[in-house]
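Colleague: If you read the sequences in order, they're chains A and B. Quick note on numbering: the first sequence equals residues 1 to 501 in this note's numbering. Quick note on numbering: the second sequence equals residues 502 to 673 in this note's numbering. Quick reminder that beta carbons are idealized off the backbone N, C-alpha and C, glycines included.
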Amino acid sequence: MILKPRLEDIKIIGYYLGKIILGLGLTMLIPIIIGLAFGEINPVLDFLIGIEIALIFGLILIKLCFTEKDLNWMQGMIVVSLSWLAATVLGAVPLYLSGHWKSYLDACFDAMSGFATTGLVLVQDLDHLSYTHNLWRHLVMFIGGQGIVIVTLSFFVRGASGAFRMYVGEARDEKILPNVISTSRFIWLVSIVYLILGTLALGFVAMLNGMKPINAFFHGACVFMAAFDTGGFAPQSQNILYYHSLPFEIITIIIMILGAINFKLHYHLWVGNRREIFKNIETKTFFITVLITFCIVAFGLTQVNSYPKAILLFRKGFYQLISGHTGTGFMTIYSRQFINEWNQLALVGVICAMALGGAVCSTTGAIKMLRIGIIFKALKEDIKRIILPERAIVIQKFHHIKEIFVEDKQVRSALLITLAYLVLYGLGAIIGMLFGYPFINSLFESASASANVGLSCGITNVNMPATLKLTYIFQMWAGRLEFMSVFTLIGFFIAAIKGKR
Amino acid sequence: MMRKVINYKLWVIGFGIFLFLTHNSSLITHNYCYAQSVSSTELINNARLYDGKVVTYEGEVIGDIMVRGEYAWINVNDGQNAIGIWIDRNLTKDIFYTGSHKFKGDWVEVAGLFQRACLQHGGDLDIHAQTIRKIRQGREIIERLNMSKRNLVFVLLGALCLVWILKQLKLK
């Protein structure tokens with residue numbers, strides 16, 4: 001029997017949602033400061049309107065739903081899924097007001113793409129976008145990459161046990177430090193330190209490449225945020241191709257890989273446990289899958305002689321591949337070149353890389369390396385059981401910070417999430433085909449949206465049907481939150497309609 | 502007799518001019534296969550067709566002029582896509598404005614060698630410019646305060662203050 005949600009449930013959800021909206025609204029102060037520094041009047045007004053709307057909504061929710069009770073699991077999950085939707089709708093306000101998005105739906109698409117660190121874009125005339133709006137586009141990636149709720153947990157929630165429920169709801173099931181708030185703060189510390197180092201590195205390279213100092217460091221900061229949070233937005237319409245620079249590409253590759261690494265692993269590297277990187281199941285799996293998928297891409301590109309020299313093939317092929325595998329979506333080719341100049345085998349290689357993703361508890365989306373590693377270990381265990389005598393005791397271990405025995409519970413969970421992702425990839429591909437796009441193009445774009453990558457073969461553009469835009473928004477949302485929060489929200493609505501008191 | 506010689510000379514000179522023109526025109530047609538400007542979409546979608554050919558491409562110079570030794574990179578956007586142009590740095594001296602939020606960049610016409618996967622530049626799709634001509638001068642975009650946005654800011658500020666006061670009252 002399904003029980004109808006109580007008014008108390010709605011009040012608790014509303015109260016915490018209000019707090020998160022308040023926190024999100026306040027983050028708009030950063031682009032306002034940048035806008036004032038650059039003397040951009042109207043963009044600052046866009047953000048003042050945005051922040052005011054967010055604060056009004058946040059305060060109303062806090063006032064109407066005031067409670068001192070803590071969240072339970074169901075409420076925590078719902079708060080997370082709703083806060084991502086609220087962030088999309090409210091974060092899109094200043095974008096839409098800029099006039100660079102054709103409709104509010106397009107602005108919401110880019111806002112969700114930013115928060116979910118996807119990188120698919122519908123922005124128009126990006127090369128004339130203000131510094132203020134451009135910073136916001138990248139900042140939402142930084143906020144979304146760490147996790148919208150983590151922003152609030154770090155700065156607005158103190159000691160609430162419900163914090164852990166929201167933390168888990170945001171697709172992070174690993175605590176780095178014993179306390180979830182300390183974990184959130186550690187994630188921010190890592191990100192801020194890398195932000196400073198990455199911005200300096202990219203800024204200096206951009207300056208050496210001939211960019212003006214202000215632009216160089218602005219681009220450095222934006223590209224860092226998009227790379228570390230495996231987002232994929234860039235300040236110019238040509239994405240990374242704009243810079244025409246090998247050193248710039250190499251630095252972005254390093255940052256993308258850092259972003260795809262588990263924050264727990266970052267912690268162990270920070271405290272001096274450098275051996276962990278060579279022993280960890282995730283880094284090992286990542287290395288193997290990059291190698292395999294790159295071989296597929298290289299073989300495909302060789303078949304059609306897309307690049308006349310091996311070094312060119314490596315530079316273009318590897319960059320798009322690592323960008324896809326880490327879930328970033330930076331591109332050094334044009335979208336249409338995927339279809340016109342890469343063959344289907346090469347595209348399959350990139351699709352596989354996108355579908356696999358990076359590490360758990362990182363900023364990437366997709367199935368993720370730990371799950372792939374566990375499934376592979378379980379498969380190995382089963383094969384051993386068949387081969388070895390019946391009396392033999394077969395056990396499988398893997399190293400993830402510590403030695404862990406493979407258990408059925410872990411395998412089941414890994415397989416369920418993998419299955420959910422495969423269904424999501426397939427669903428988007430079918431909807432794409434319903435609108436007349438070829439299978440491989442539809443699958444490519446669907447995998448890119450669901451795995452929060454952002455590579456595009458050209459389907460994503462302002463003229464695509466609104467239903468497809470909504471499909472990709474849903475895929476980005478569900479893919480980023482790894483389904484549980486989304487399923488809980490759907491269940492909550494069903495219970496509200498069909499449940500009994 | 503004299504008139505016949507002059508006629509003969511005229512014929513020879515005329516034939517010479519004819520040969521010169523046809524020879525040069527063949528050179529011209531060889532070098533400038535696509536004298537009419539080609540759009541970026543056309544170039545990207547049919548990159549193999551245009552690969553290694555001299556094309557004419559026009560658009561707005563956007564972003565930075567990135568000087569690299571004797572050459573420079575400029576990015577030219579025709580309204581559909583932007584394409585990187587590798588150009589002698591001396592040819593960029595006439596470019597005054599580059600497109601950004603505050604500037605409309607110079608509109609230029611570039612004639613140069615189109616490369617689908619440039620050997621010199623890591624496989625980039627680019628154009629190595631031979632000539633550049635400024636068609637339209639860019640300009641500074643003067644930003645005027647949007648009054649309706651300003652008014653909305655004040656209205657929302659009032660609403661926000663009201664909500665804040667109500668919240669404080671409830672707490673008290």
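Identify the contact partners of residue 316/A in chain B, using a Cβ-Cβ distance below 8 Å as the criterion.
Modeller: 618, 623 and 624
Colleague: Are there 16 or more other CB atoms within 10 angstroms of the CB of residue 58/A, so buried, or fewer, so exposed?
Modeller: buried
Colleague: Would you give the residue range spanned by the alpha helix (DSSP H) that residue 434/A belongs to?
Modeller: 408 to 434
Colleague: Does residue 662/B pass the burial test, meaning 16 or more other C-beta atoms within 10 Å, or should it be called exposed?
Modeller: exposed
Colleague: Can you grab the Cα-Cα spacing for the pair residue 74/A / residue 488/A, in whole Å?
Modeller: 7 Å
Colleague: In terms of alpha-carbon separation, which member of 299/A, 427/A, 9/A and 30/A lies closest to residue 475/A?
Modeller: 427/A
Colleague: Is the CB of residue 634/B under 8 Å away from at least one CB in chain A?
Modeller: Not closer than 8 Å to any Cβ of chain A, the Cβ of residue 634/B fails to qualify, so no.
Colleague: Where residue 328/A and residue 231/A are concerned, what is the direct C-alpha to C-alpha distance, given to the nearest angstrom?
Modeller: 5 Å
Colleague: Name the chain A residues that come within less than 9 Å of residue 554/B, Cβ to Cβ?
Modeller: For residue 554/B, there are no neighbours in chain A by C-beta distance under 9 Å, as the nearest C-beta there is about 16 Å away.
Colleague: Could you tell me the boundaries of the alpha helix (DSSP H) in which residue 79/A lies?
Modeller: 73 to 97
Colleague: Would you say the stretch 63 to 74 of chain A touches the stretch 99 to 114 of chain A, given that touching needs at least three Cβ pairs under 8 Å?
Modeller: no
Colleague: Verify the CB distance criterion: does residue 562/B have a CB-CB separation below 8 Å to chain A?
Modeller: no
Colleague: State yes or no: is the C-beta of residue 468/A within less than 8 Å of the C-beta of residue 431/A?
Modeller: yes
Colleague: Starting from the C-beta of residue 533/B, find all residues in its chain whose C-beta is less than 6 Å away, skip the five residues before and the five after it, and write them out in chain order.
Modeller: Residue confidence for residue 533/B is low, a pLDDT of 48 falling below 50, so the modelled location carries little weight and cannot support an answer.
Colleague: How about the stretch 348 to 362 of chain A and the stretch 261 to 269 of chain A: do they share at least three Cβ pairs that are nearer than 8 Å?
Modeller: yes
Colleague: Should residue 643/B be flagged as near chain A, meaning a C-beta pair shorter than 8 Å?
Modeller: Chain A contact via Cβ: absent.
Colleague: Which stretch, first to last residue, makes up the beta strand (DSSP E) that contains residue 628/B?
Modeller: 627 to 637
Colleague: Looking at residue 600/B and residue 128/A, is the spacing between their C-beta atoms short of 8 Å?
Modeller: yes
Colleague: Run through DSSP, which three-state label would residue 640/B get?
Modeller: strand
Colleague: Would residue 322/A pass as a contact of residue 369/A if the rule is Cβ separation under 8 Å?
Modeller: Contact flag unset, no.
Colleague: So residue 334/A is in the beta strand (DSSP E); what residue range does that whole segment cover?
Modeller: Careful: residue 334/A lies outside any beta strand (DSSP E) and carries neither H nor E.
Colleague: Buried or exposed for residue 146/A, please, with buried defined as at least 16 other CB atoms from any protein chain shown within 10 angstroms of its CB.
Modeller: buried
Colleague: Quick one: residues in its chain with C-beta nearer than 6 Å to the C-beta of residue 578/B, no 5 flanking neighbours on either side, listed in chain order?
Modeller: 560, 561 and 563
Colleague: If the cut is a Cβ gap below 7 Å, which residues of chain B does residue 211/A touch?
Modeller: 565 and 567
Colleague: For residue 201/A, which of helix, strand or coil comes out of DSSP?
Modeller: helix
Colleague: Does at least one heavy atom of the ligand NAD sit under 7 Å from the Cβ of residue 414/A?
Modeller: You won't find the ligand NAD in this model; it holds no ligand whatsoever.
Colleague: Which bits of chain B does residue 9/A rub up against, with CB to CB less than 9 Å?
Modeller: For residue 9/A, none of the residues of chain B pass the 9 Å Cβ criterion, the least Cβ distance being about 21 Å.
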